[in-house]
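To start, the structure under review is shown below, and the notes come after it.
Protein chains: 2
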Amino acid sequence: MTPAEPEKNKSPYATMIVLAVVLLVVLLTCVPYLVTIASAEGPAARDTADASPIFGVTIPPGYKQWELIAPAEEAAPLDEFRAVVGNRTAIDAYQAGKLPFPDGTILVKRAWKRKQSPEFASATIPGAATTVQVMVKDSKKYASTGGWGFGRFIGGKPVDEAQHRTCWGCHEARASSRDYVFTRLAP
Amino acid sequence: MTPAEPEKNKSPYATMIVLAVVLLVVLLTCVPYLVTIASAEGPAARDTADASPIFGVTIPPGYKQWELIAPAEEAAPLDEFRAVVGNRTAIDAYQAGKLPFPDGTILVKRAWKRKQSPEFASATIPGAATTVQVMVKDSKKYASTGGWGFGRFIGGKPVDEAQHRTCWGCHEARASSRDYVFTRLAP
Chain A
1 MTPAEPEKNK SPYATMIVLA VVLLVVLLTC VPYLVTIASA EGPAARDTAD
51 ASPIFGVTIP PGYKQWELIA PAEEAAPLDE FRAVVGNRTA IDAYQAGKLP
101 FPDGTILVKR AWKRKQSPEF ASATIPGAAT TVQVMVKDSK KYASTGGWGF
151 GRFIGGKPVD EAQHRTCWGC HEARASSRDY VFTRLAP
Chain C
1 MTPAEPEKNK SPYATMIVLA VVLLVVLLTC VPYLVTIASA EGPAARDTAD
51 ASPIFGVTIP PGYKQWELIA PAEEAAPLDE FRAVVGNRTA IDAYQAGKLP
101 FPDGTILVKR AWKRKQSPEF ASATIPGAAT TVQVMVKDSK KYASTGGWGF
151 GRFIGGKPVD EAQHRTCWGC HEARASSRDY VFTRLAP
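Keeping their order, the protein sequence lines are chains A and C. Reading the first sequence from the start, the letters are residues 1 to 187 in the UniProt record's numbering. Reading the second sequence from the start, the letters are residues 1 to 187 in the UniProt record's numbering.
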C-alpha cells in the first residue's frame, strides 16, 4: 500500500519471533487458570465402579475447593455435621435466586460425626467423615427424577441401589417448591 | 535476508492487526483469572473505620469463596453454627500439616444462629448471620500476640476494643500447641 515505508524491509522472521513470544506469554499466563477450571469443574474420566447405581453420578474432582452454600446438623441417631458446597453454576444460581437450577449444577454434601471439642466444653467439631452426597442437574438425562441425578458415597464408593432408590422420593415429596433442593444459601 | 520472499511485500498493517488480535485474546482469556486472584487474595483499600481496634484487621474481600476448613457448633446460649474458611496460604499449610502457619495466612470464621429445618424434624440449619471473625498471620506486625492479628465484626463493622482485648488471651491459653489456632482441618 505504501511501498516506501521502512517496515517493508524487515525480515518476516522478526514477526514470527514476536508472535512466538506473545503466544508463550499467553500460555504461561493462562495455564494456571485453565488448570483451576479443569480441576474444579471439568468432567473426569472415572472408573464406572465409582459411579452411583441408577444415576451414574460420580464424586466431582476438586469439590472440596468449592464454595460453601450452608452448614447443617442432623440430630441423633445420625448425630452429624453437614456442609453443602456447590460448583460455580450452583453458586451463581443461588445468588441470583434462580429456580430451577440450570443444567450443569452440582451440589455436594459433606458429612461428619459430631465430636466434643477438646478445648471448649460448649463447642462441637467434626469427627470422622461419613458420607459424601452428590446431586447433578441434567434435565434431559434425569428427566424422570426432576432433572436430578443422585449419588451417595461412603469411603469414595457408591452405596447400593436400594439406598439410591430412596433419594428421589424424599426430595420430590419435601422440596418440590425449590427444584427438589433442601439446602438454602446461608446468609 | 531473503529479499525475494513474497512476505516482504505484505503491508505492515497486517502484522499490527495480528498482534492486536492476539493481545485482545490474551486480555479476554486472562482477565477472569486475574480478577479471581485479586478478589480472593489481594489487599484491598478499605476504610479504616472497618478495621478492628488494636490490630487493624479488616474483613478480606472474597472470603465467602474460600475453601472450607471445618464446620462447628456452639451450644446455648450462643446456639450457633460456625464455618471456618481459609485463603490459599492457610489451606496449603493445613494440608501439609505445617505449623506455625506462614505469614499471609488468613482464617475467617462465619457464624449463624441455629434454626429448625422446616422440612426435617431432625435437621438444624443456619438462621441469621451473627459475627465474622478474622485471624491474620504477620509474625512481625503482631509479634506480641503470637504473630496473629484478630478482628471480630458484626454487620461488617468491628466490635469494640474491650472485646478485641480478649482474643489473644484465650487463644494463647488454650491453643498454644497448634500455633494458637483452634480449628482443625475437617477430614
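We treat Cβ as the ideally placed atom computed from N, Cα and C, and that holds for glycine. Bear in mind that the values here come from a model prediction, so they are computed numbers and not experimental data.
What are the residues that DSSP puts in a beta bridge with residue i?
{"i": "MET135 (chain C)", "result": "C:LEU107, C:PHE150"}
{"i": "PRO100 (chain A)", "result": "None; PRO100 (chain A) has no bridge partner."}
{"i": "LEU78 (chain C)", "result": "According to DSSP, LEU78 (chain C) bridges with nothing at all."}
{"i": "GLN116 (chain A)", "result": "A:THR124"}
{"i": "GLY86 (chain A)", "result": "A:GLU67, A:LEU107"}
{"i": "ALA129 (chain C)", "result": "C:TRP112"}
{"i": "PRO158 (chain C)", "result": "C:PHE153"}
Measuring only the C-alpha atoms, how far is residue i from residue j?
{"i": "THR145 (chain A)", "j": "LEU24 (chain C)", "result": "44 Å"}
{"i": "ASP79 (chain A)", "j": "ARG82 (chain C)", "result": "16 Å"}
{"i": "ALA20 (chain A)", "j": "ASP50 (chain C)", "result": "47 Å"}
{"i": "GLU73 (chain A)", "j": "ALA121 (chain C)", "result": "11 Å"}
{"i": "ILE59 (chain C)", "j": "PRO53 (chain C)", "result": "13 Å"}
{"i": "GLY56 (chain A)", "j": "CYS167 (chain A)", "result": "14 Å"}
{"i": "ILE154 (chain C)", "j": "GLN116 (chain C)", "result": "23 Å"}
{"i": "HIS164 (chain C)", "j": "VAL159 (chain A)", "result": "48 Å"}
{"i": "ILE91 (chain A)", "j": "VAL134 (chain A)", "result": "15 Å"}
{"i": "ALA143 (chain A)", "j": "PRO61 (chain C)", "result": "39 Å"}
{"i": "VAL108 (chain A)", "j": "PRO77 (chain A)", "result": "22 Å"}
Determine, using beta carbons only, whether residue i and residue j come nearer to each other than 7 Å.
{"i": "VAL84 (chain A)", "j": "ALA70 (chain A)", "result": "yes"}
{"i": "LYS137 (chain C)", "j": "GLY151 (chain C)", "result": "no"}
{"i": "SER139 (chain C)", "j": "ASP103 (chain C)", "result": "yes"}
{"i": "ARG114 (chain A)", "j": "THR124 (chain A)", "result": "yes"}
So which residues on chain C does residue i lean against when the C-beta distance must stay under 8 Å?
{"i": "SER122 (chain A)", "result": "GLU74, ALA75, LEU78"}
List, in chain order, every chain A residue whose beta-carbon is nearer than 9 Å to that of residue i.
{"i": "ALA83 (chain C)", "result": "LEU68, ALA70, PRO71, ALA83, ALA186"}
{"i": "PHE182 (chain C)", "result": "SER117, GLU119, PHE120, ALA123, ILE125"}
Closest by CA to residue i, which one among the options?
{"i": "ALA175 (chain A)", "options": "A:PRO60, A:LEU99, A:TYR13", "result": "A:LEU99"}
{"i": "GLU67 (chain C)", "options": "C:ARG110, C:PRO126, C:VAL57", "result": "C:ARG110"}
{"i": "PRO118 (chain A)", "options": "C:PRO102, C:ASP103, C:VAL134, C:PHE182", "result": "C:PHE182"}
{"i": "LEU185 (chain A)", "options": "A:THR105, A:ILE17, A:GLY86, A:LYS64", "result": "A:GLY86"}
{"i": "LYS141 (chain A)", "options": "A:MET135, A:ILE106, A:GLY149", "result": "A:GLY149"}
{"i": "THR89 (chain C)", "options": "C:TYR63, C:GLY156, C:THR15", "result": "C:TYR63"}
{"i": "PRO187 (chain A)", "options": "C:SER177, C:GLN65, C:GLU172, C:ALA128", "result": "C:ALA128"}
{"i": "GLY97 (chain C)", "options": "C:SER177, C:ALA14, C:THR15", "result": "C:SER177"}
So residue i contacts chain C; which residues on that side make the cut at Cβ distance below 7 Å?
{"i": "THR15 (chain A)", "result": "THR15"}
{"i": "ARG174 (chain A)", "result": "GLU119"}
Check the Cβ of residue i against every Cβ in chain A and list those closer than 7 Å, keeping chain order.
{"i": "LYS64 (chain C)", "result": "GLU67"}
{"i": "PHE101 (chain C)", "result": "Those within 7 Å of PHE101 (chain C) in chain A number zero; the least Cβ separation is about 17 Å."}
List, in order along the chain, the chain C residues whose C-beta lies closer than 9 Å to that of residue i?
{"i": "ALA129 (chain A)", "result": "ALA186, PRO187"}
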